[in-house]
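Residue numbers (the numbering used here), protein chains in the order written: chain A, 686 to 798; chain B, 8 to 119. Yeah, the Cβ is synthetic: ideal placement off N, Cα and C, and Gly gets one too. This one's a predicted model, so the numbers in the text were calculated from it and none came from an experiment. The next block holds one structure in the form of structure tokens; read it before the comments.
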Amino acid sequence: SQTIHQWPATLVQPVGSPLSLECTVEGTSNPNLYWYRQAAGRGLQLLFYSVGIGQISSEVPQNLSASRPQDRQFILSSKKLLLSDSGFYLCAWSVSRVWAESNFGPGTRLTVT
Amino acid sequence: EDKVVQSPLSLVVHEGDTVTLNCSYEVTNFRSLLWYKQEKKAPTFLFMLTSSGIEKKSGRLSSILDKKELSSILNITATQTGDSAIYLCAVEASGGADGLTFGKGTHLIIQP
């Protein structure tokens, strides 16, 4: 069965510091991978998605970037965090466009101070 | 741009009440609508709806899709304090890999 991992679970970072969040998927090949962010009082906003290694599509302009160095690895990065980057970051995967509970990682709660 | 609007944004009811949560959408090439429950962690999948007029049911929760009205409702009967959560509606469009578009959610609070 497929599983998705994210780390860290929580993170407190000062403004201007760098960020690296990692997501890995097990039990599937060539998944579509997604990064979502949930800010306070808002729904889940799609940040990036990837259909293959090295292929990244950005949905919203921001100071974040994403990379996919391996088939089942998705990384979210920033060179300098802003206060507005605080939120709950969720990684997700899909294959054959099937969505269910198992598609989402456990999330990372980021607080920028 | 795909859009999902949920109402109400927040709702406070007493245990035992029945609640109806609403979701409307504007999406190009609609494929499916999904409902999730979120309690301070990753969303928990509830339902996926693709066909209009067919009710999906799980215990006290049920949902139905109206493709003509571009909307869906989520009903919870005999509410319990454990139903307190944010309920998210999301839609998926066909023809691309760009994931789900979520609404802002309905924050439901069940008072004992």
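With H, G and I counted as helix, E and B as strand and the rest as coil, what does DSSP make of residue i?
{"i": "A:N788", "result": "helix"}
{"i": "A:T688", "result": "strand"}
{"i": "A:S702", "result": "coil"}
{"i": "B:G106", "result": "coil"}
{"i": "A:S742", "result": "strand"}
{"i": "A:T798", "result": "coil"}
{"i": "A:G737", "result": "strand"}
{"i": "B:G60", "result": "coil"}
{"i": "A:T695", "result": "strand"}
{"i": "B:S79", "result": "strand"}
Just the C-alpha distance for residue i and residue j, rounded to the nearest angstrom, thanks.
{"i": "B:K10", "j": "A:E744", "result": "14 Å"}
{"i": "B:I61", "j": "B:S70", "result": "9 Å"}
{"i": "B:L72", "j": "B:S79", "result": "4 Å"}
{"i": "A:G728", "j": "B:G112", "result": "6 Å"}
{"i": "A:S707", "j": "A:V700", "result": "According to the sequence displayed, residue 707 of chain A carries Glu and not Ser. Those two C-alpha atoms are separated by around 20 Å."}
{"i": "A:R757", "j": "A:T695", "result": "22 Å"}
{"i": "A:R794", "j": "B:K64", "result": "32 Å"}
{"i": "A:N748", "j": "B:P119", "result": "44 Å"}
{"i": "A:A725", "j": "B:T57", "result": "30 Å"}
Among the options, which one has its Cα closest to the Cα of residue i?
{"i": "A:S779", "options": "A:Q758, A:N717 and A:G772", "result": "A:N717"}
{"i": "B:L95", "options": "B:L53, B:S39, B:L77 and B:L72", "result": "B:L53"}
{"i": "A:Y721", "options": "B:G110, B:G66 and B:S17", "result": "B:G110"}
{"i": "A:T798", "options": "A:P791, A:L768, A:L775 and A:D756", "result": "A:L768"}
{"i": "A:I741", "options": "A:I760, A:G712 and A:E711", "result": "A:I760"}
{"i": "B:L28", "options": "B:T108, B:P119, B:A92 and B:T51", "result": "B:A92"}
{"i": "A:S735", "options": "A:T796, A:N715 and A:F789", "result": "A:N715"}
{"i": "B:E22", "options": "B:G106, B:R67, B:K74 and B:A100", "result": "B:R67"}
{"i": "A:E711", "options": "A:Q755, A:L696 and A:L749", "result": "A:Q755"}
{"i": "B:S39", "options": "B:T88, B:K74, B:A49 and B:P119", "result": "B:K74"}
Take residue i and list the residues in its own chain whose beta-carbon comes closer than 6 Å to its own, dropping the five residues that flank it on each side.
{"i": "A:H690", "result": "T709"}
{"i": "A:F789", "result": "L775 and A777"}
{"i": "A:D770", "result": "V797"}
How far does the beta strand (DSSP E) with residue i in it extend, from its first residue to its last?
{"i": "B:A97", "result": "A92 to A100"}
{"i": "B:D73", "result": "L68 to D73"}
{"i": "A:P754", "result": "L749 to Q755"}
{"i": "B:E8", "result": "Per DSSP, B:E8 belongs to no beta strand (DSSP E) and is neither H nor E."}
{"i": "B:T25", "result": "Run containing B:T25: none; DSSP gives neither H nor E here."}
{"i": "B:K44", "result": "F37 to Q45"}
{"i": "A:A777", "result": "G772 to S779"}
{"i": "A:S762", "result": "Q758 to S763"}
{"i": "B:T113", "result": "T113 to Q118"}
{"i": "A:N717", "result": "N717 to Q723"}
{"i": "B:V20", "result": "S17 to H21"}
Among the residues of its own chain, which have a CB less than 7 Å from the CB of residue i, if the five just before and after it don't count?
{"i": "B:D90", "result": "I83, L115 and I117"}
{"i": "B:D24", "result": "T86"}
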